[in-house]
Amino acid sequence: MKSLSIPKENQIKAWYLFIILHTMQVGVGMAGYPRLVFMEARQDSWIPIIITGLILHLVIACMVFVLNSFEKEDLPGILTKSMGKYVGLVVSSLFVIYFLLLFLSVIANYIEFVQVFIFPQMKSWFIGLLLLTLVWYAVYGGIRVAIGSSFVFFLSSIWMVGLLHKPITQIDSRNYFPMFQVGLDEIYQGVLISSYTFLGFELLWMVYPFINDKKRVGRYSQFAIVFTVAMYLLTTMVAIGYFSPRQLEEKVWPLLTLFKVISFPMFERFDILAVALWILVILPNLILLAWMVSFTCKRVHGWKQKYCLAVMIIFSLLFVSIFDDRELVNKLTDFTGRVGLFLGFGFPFVLLPFAIRQRMKGKKKNAKSS
Amino acid sequence: MQKVLKFILINLMSLTLLAGCVEKNVLEQLGIVTAYGFDKANGNDMLQLTTVLFQFNPDITDASQIIYSEGHTFRELKKNANKKSGYKIVSRQLRTILYGPELARGGIFPYIDTLERDAAISDMVYIAVSNQPTQHVLSATNYEQLPNIGTYIQRLIETAIEDEQLNSNTLHEFTRAFFTIGQDPLVPIIENHNDKAQLTGLAIFQDDRYVDELPLDDIFYVLLMTKQLKEGKVELNFPIESFLNYMEGYEKPDSDQVFVVLEKISNKTDVKITDIENLKYRVDINLEGRLVELTERIDLSNREALDLLEKTINKQIETKIEELIEKSKEANADFYGFGKEYKSKKEGKNITKEQWRDMFQDIDVQVNVSTTIRSYGIIE
Amino acid sequence: MRRRSRKKTSSSYFPCEIDKFATDIKDFFQSSPDVSSKQFEHQGQKIIVIFINYMVKKENIYKHIIHVMQQSDEEWNTESLMNKIPISGGELRSSLKEIGEDLMMGSVAIYIEGQEHCITYGVPQLEQREPERAETESLIFGPQIAFTESIQTNLNIIHWRLDNPSLVTEKFIVGNEIPTEVRLVYLKSIADDENVKEMRRRLNKLQTDDVLESSVLTQYIEDNSYSIFPQLYVTELPDRFCYEIKEGKIGVMVDKSPSGVIAPTNFFSFFESTEDLYTRWNMGTFIRFMRLIAMFLSITLTPFYVAAITFHYEIIPTALLVSLGHSRSRVPFPPLLEALILEFLIELIREAGARLPTKVGQTMGIVGGIVIGQAIVQAGFTSNILIIIVALSALASFTIPSYLMGTAIRIMRFPLIIMAGLWGVIGIFYSYALILIHVVKLQSLKRPYFSPIYPFRYKDLDNSILRLPFLQSNYRAASNMPKDKKRFEEPSNTKKRDIEE
């Protein structure tokens with residue numbers, strides 16, 4: 001496999017990583033996450049979130065270390081370099097499938113939002129079609145448009161955090177006490193649940209060669225994690241304070257229910273708008289994932305990226321129109337999470353020895369040449 | 001680019017063809033519900049639903065309509081209501097839900113659950129009960145300048161809440177209190193007097209059952225302990241005797257009672273468990289307010305008189321709060337939320353609702369109030 | 001004239017008989033009655049002077065050519081003629097076609113029998129108007145002068161405003177059938193070479209019969225001709241044109257067109273006006289924000305009305321619900337159709353007002369706005385709240401300084417309304433997402449169109465979305481890639497002083 005050489009106008013600055021890694025991690029999962037983690041760790045949910053955050057920092061550090069040791073390579077490049085052509089091909093293909101699974105679970109979950117909150121009669125395939133046309137249009141413009149639109153969508157949806165101030169005024173602080181009641185087992189379960197939700201940082205594997213100033217990659221990706229953890233912490237804590245424990249256990253999407261108390265003078269019910277606006281929250285996920293799938297396919301198999309994209313979109317459309325019941329969506333999400341636990345969290349550590357070997361080689365070469 | 005154009009064209013065409021796939025709710029074809037009233041029907045296992053709704057019509061200026069329907073479940077009630085209207089009845093603009101007395105005494109949660117489950121219904125719907133059949137309350141025809149009785153009741157409740165004369169009790173807050181172990185809801189009572197709906201009291205709920213009633217004015221003592229007031233208002237009275245020394249010379253007391261009105265009361269309240277095993281609570285309330293009315297001319301420029309006045313007020317408020325706690329124990333409904341405080345301090349195993357009900361009878365609350373009168377108008 | 005000079009004639013037409021020459025020229029112009037020729041004999045030489053009546057300044061010909069030739073008693077030949085005649089720009093021509101073309105452009109041809117060449121002098125008389133007040137981009141405050149149709153005048157204005165030795169005006173001829181002079185204007189010391197190269201490439205590559213106007217030229221050379229958004233700024237204001245050039249952009253002037261083209265342009269430049277610079281910075285910033293909000297409102301209000309009435313009645317506040325319901329119940333159409341009819345009506349009024357002469361146009365506005373508006377509500381054609389909304393969004397779209405962008409925004413409303421009518425808020429946000437992706441995707445002269453939002457350039461927010469005090473904004477926008485980033489050195493006494501010092 002050839003190393004990538006990226007033309008200058010397609011390179012991006014490292015600080016965009018801060019935004020795009022964050023937007024990748026925040027998406028549909030966020031709406032239901034407070035409940036899931038609360039069911040495990042109760043009022044001490046902040047403990048597993050912070051622990052997950054710390055683990056994530058470690059994972060990111062490891063990823064950056066691996067990427068730095070191979071210099072201008074992305075994931076498929078690293079895999080073939082370190083594991084040989086055939087193993088690399090298989091593992092990269094695994095990653096493609098995993099990205100695709102993530103992509104599908106995002107779409108399927110969003111379709112459910114729309115059907116529950118706004119249009120119960122809207123057909124799944126139709127919502128899928130709407131989303132996929134956008135994805136197609138954005139990814140067709142290449143990495144510049146994929147990252148650019150993710151960035152713009154982030155800017156146009158991040159203000160929703162400010163709206164949480166209304167539910168915050170209704171928080172009952174006694175819901176957070178007594179602290180430290182949670183056992184190790186619950187914390188473990190909580191961390192597991194959180195890890196599913198925090199997936200998406202795998203983008204770094206693919207986007208690394210496109211980055212202009214590679215020295216700052218580590219810094220900004222760590223910032224992104226801090227930001228994400230803060231965001232999840234905020235929403236979870238608001239949800240815990242706002243709902244009574246039993247209530248929270250019953251709400252499937254606590255975050256969207258939080259928006260139900262917000263009303264503007266010209267806008268009586270914000271939750272309707274929030275669900276529609278959520279399209280801007282999930283689109284970065286979809287666009288970047290679609291780009292990852294199509295680009296990895298291109299890298300691994302040498303197929304044309306536009307054909308990969310077209311095939312993927314048609315496949316996804318078929319998938320969401322055929323499998324649209326809730327059970328299945330949940331199963332898909334869980335399964336993706338479990339796969340992600342290994343491929344996302346575990347895999348960087350698998351690559352670690354190879355990276356060290358690569359570094360040694362580099363040093364030897366340097367020693368020889370000098 | 002040709003390809004792109006073709007793709008967009010095909011897409012556009014197919015999208016337009018599929019336009020019919022979403023259900024439409026065109027405003028003027030809807031009967032928009034603003035209030036529901038639930039009652040037990042004559043058959044007793046049947047329910048009666050009073051639906052207050054808007055129906056828009058170019059000629060009639062009054063858009064309000066009331067429909068009565070009977071049935072067993074909420075869906076059935078709605079379906080039956082729809083049979084009596086040419087408009088499609090929809091409830092996403094619902095503002096208030098009223099429960100009749102028999103229903104409220106029997107427990108209202110089954111009728112709340114169905115609303116709570118529905119994403120379409122706002123969380124900001126106000127829950128209220130009535131001692132009269134809701135049918136009677138909602139058919140009151142005097143609702144001031146507002147478009148219908150549903151919005152009128154909403155406004156009635158909202159103004160009272162803003163004025164800190166009522167605790168907020170939305171659908172969300174009711175279910176929250178209902179689900180919380182160690183707290184019970186307190187629900188406004190709305191009745192029809194002289195063809196006008198008005199707030200008449202507060203219903204003490206034990207879980208979802210209406211068990212007792214408080215006079216509306218007592219809400220101050222509830223809010224004083226549970227909320228941060230800014231605009232509180234209270235009227236107190238006490239015997240004049242102890243103030244006789246401080247009366248201004250030329251005055252003679254008109255009666256043997258003095259009435260004092262404090263306004264703009266702000267408070268700082270601290271509810272603490274001092275002894276978790278013996279359920280001993282200590283409540284410290286610091287309140288500040290402006291004296292706006294005093295029926296006798298007591299010389300307030302005298303420091304001693306002021307101190308005495310403040311002390312008397314403290315005493316008054318303390319006894320009142322203690323009375324209310326007694327009352328809540330009688331009803332066995334913890335609307336102050338002492339149980340919640342207990343639960344947030346008690347480590348280890350969680351208690352259940354029933355356990356708390358038993359323990360609640362044994363709690364011992366010591367109330368300390370300290371009042372500061374910040375100003376007494378433009379005269380002294 | 002590059003293209004023409006490259007064409008080499010195979011064999012020389014001259015020398016020839018004077019009479020033959022005269023008839024040949026007549027034939028060349030299809031015996032046009034406008035070709036006048038004067039033959040005379042001087043010192044035994046036969047001389048002919050030919051020109052087209054209305055294309056030349058006749059007094060120049062009589063005074064500086066015929067008079068000079070007849071007064072002197074020397075024998076004329078081509079060289080001495082070239083030296084003696086006090087008009088610059090004489091050309092030696094040896095083919096009939098060349099002479100014909102010169103005549104068409106306002107030259108006079110002089111031929112002395114027996115000579116090898118014919119001489120042409122350009123003494124064109126071009127009908128042109130004086131520079132006048134700007135009409136389409138009118139300003140309240142600041143310079144009022146606007147470009148005219150004559151490129152000579154326009155270049156004169158530009159040179160006068162940009163008194164800088166590094167000002168370059170490269171000349172191109174575009175158009176196969178009707179060749180038109182196009183000038184590429186930039187400041188060599190500031191403008192980015194890549195931009196200049198790209199623009200040069202596009203102008204050279206352009207193959208068309210005729211560029212009608214500079215806004216037509218932009219449509220030939222812009223990056224994405226399928227987009228609804230204009231990607232190059234067309235302005236009729238010399239101050240705007242020169243300001244942008246000074247900021248490191250490059251400009252294109254087209255002969256016969258009263259406006260200049262500025263490139264590269266980003267989305268937000270269409271919401272700027274030079275007036276923001278002339279007013280104080282706080283007003284400037286406020287007005288810029290207002291325009292952006294107006295743009296947003298103009299594509300938001302009607303779609304949301306349609307979505308709310310058709311699907312999401314729950315988002316309407318109670319206070320509005322009753323009055324909306326009442327006025328809607330009179331309307332026989334579905335909300336989508338209602339909104340489309342009214343939007344269409346407003347567009348009709350606007351178009352009718354624009355096409356009619358100014359005096360009638362005003363009446364048009366009154367008739368359309370008041371009479372029809374009143375009648376339409378009373379007849380129960382639309383609800384009165386929709387009238388407010390549509391009028392507001394139309395008004396909002398007119399605040400955009402660039403006419404092209406204003407039109408784009410207004411047209412964009414129609415698909416948005418349709419989407420809202422079909423799928424409610426989902427349709428609206430789908431469209432917004434599509435527009436955002438599209439805008440991010442667009443490029444202007446290969447530079448990102450949505451800068452400074454993406455790629456995000458913090459410093460460029462000044463002078464595109466904000467407008468800071470001038471002393472604070474001493475950098476040129478990095479989006480233009482200027483060679484020299486600094487406009488001026490930072491003022492030195494910026495140290496904060498204590499209260500009493």
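Residue numbers (the UniProt record's numbering), protein chains in the order written: chain F, 1 to 370; chain X, 1 to 380; chain Z, 1 to 501.
Note that the Cβ used here is the ideal one computed from N, Cα and C, for glycine as well.
N-terminal and C-terminal residue of the beta strand (DSSP E) that residue i is part of
i                      : result
residue 39 of chain X  : 30-40
residue 118 of chain Z : 118-122
Burial state of residue i (16 or more Cβ within 10 Å)
i                      : result
residue 124 of chain F : buried
residue 29 of chain F  : buried
residue 115 of chain Z : buried
residue 51 of chain X  : buried
residue 16 of chain F  : buried
Length of the line joining the Cα atoms of residue i and residue j
i                      : j                      : result
residue 283 of chain X : residue 284 of chain F : 51 Å
residue 146 of chain X : residue 293 of chain Z : 34 Å
residue 350 of chain X : residue 291 of chain Z : 58 Å
residue 379 of chain Z : residue 348 of chain Z : 19 Å
residue 134 of chain Z : residue 145 of chain Z : 6 Å
residue 444 of chain X : residue 212 of chain X : Because chain X is modelled from 1 through 380, residue 444 of chain X falls outside the range shown and cannot be assessed.
residue 357 of chain Z : residue 167 of chain F : 58 Å
residue 170 of chain F : residue 261 of chain F : 10 Å
residue 100 of chain X : residue 182 of chain X : 26 Å
residue 41 of chain X  : residue 111 of chain X : 15 Å
residue 45 of chain F  : residue 308 of chain F : 41 Å
residue 11 of chain F  : residue 95 of chain F  : 24 Å
residue 206 of chain F : residue 501 of chain Z : 59 Å
residue 264 of chain F : residue 106 of chain F : 29 Å
residue 261 of chain X : residue 317 of chain Z : 37 Å
residue 220 of chain X : residue 175 of chain X : 22 Å
Closer than 7 Å at the beta carbon, the chain Z residues around residue i
i                      : result
residue 266 of chain F : 317
residue 114 of chain F : 426
6 Å CB neighbourhood of residue i in its chain, flanking five on each side removed
i                      : result
residue 113 of chain Z : 18, 46
residue 375 of chain F : Nothing about residue 375 of chain F can be reported from this structure: the residues present for chain F run from 1 to 370 only.
Under 8 Å by beta carbon: chain X residues contacting residue i
i                      : result
residue 167 of chain Z : Here the premise fails: no neighbours, minimum Cβ distance about 37 Å.
residue 358 of chain Z : None at all; the shortest Cβ gap to chain X is about 39 Å.
residue 345 of chain F : Chain X residues near residue 345 of chain F: none, gap ~32 Å exceeds 8 Å.
residue 303 of chain Z : Within chain X, no residue comes near residue 303 of chain Z; the closest Cβ sits about 15 Å away, beyond 8 Å.
Amino acids of chain F, ordered along the chain, whose beta-carbon sits closer than 8 Å to that of residue i
i                      : result
residue 516 of chain Z : One cannot answer for residue 516 of chain Z here, as it falls past the ends of chain Z, which runs 1 to 501.
Residue i: contacting residues in chain X (beta-carbon distance under 7 Å)
i                      : result
residue 231 of chain F : Per Cβ cutoff of 7 Å: no residues; residue 231 of chain F is ~23 Å from chain X at best.
Contact set for residue i: own chain, Cβ-Cβ below 7 Å, skip 5 residues either direction
i                      : result
residue 10 of chain Z  : A caution first: residue 10 of chain Z carries a pLDDT of 46, below 50, which makes its placement in the model unreliable, though a value can still be read off. Hits under 7 Å: none found.
residue 69 of chain Z  : 42, 47, 76
residue 123 of chain X : 170, 171, 172
Cβ shell of residue i (< 8 Å), same chain only, five flanking positions each side left out
i                      : result
residue 135 of chain F : 283, 286, 287, 290, 313
residue 191 of chain X : 130, 131, 132, 137, 197, 198, 200
Within chain Z, the residues that residue i reaches when beta carbons sit closer than 8 Å
i                     : result
residue 63 of chain X : 322, 325, 326
Limits of the alpha helix (DSSP H) - the one that residue i falls within
i                      : result
residue 337 of chain F : 326-340
residue 330 of chain X : 303-331
residue 128 of chain Z : Neither: residue 128 of chain Z is in no alpha helix (DSSP H) and is coded neither H nor E.
residue 251 of chain Z : Residue 251 of chain Z -> not in any alpha helix (DSSP H); beta strand (DSSP E) instead, spanning 250-254.
Under 9 Å by beta carbon: chain F residues contacting residue i
i                      : result
residue 172 of chain X : 170, 242, 243, 247, 257, 260, 261
Residue i: contacting residues in chain Z (beta-carbon distance under 9 Å)
i                      : result
residue 302 of chain F : Within chain Z, no residue comes near residue 302 of chain F; the closest Cβ sits about 26 Å away, beyond 9 Å.
residue 207 of chain F : Simply none; closest approach about 15 Å.
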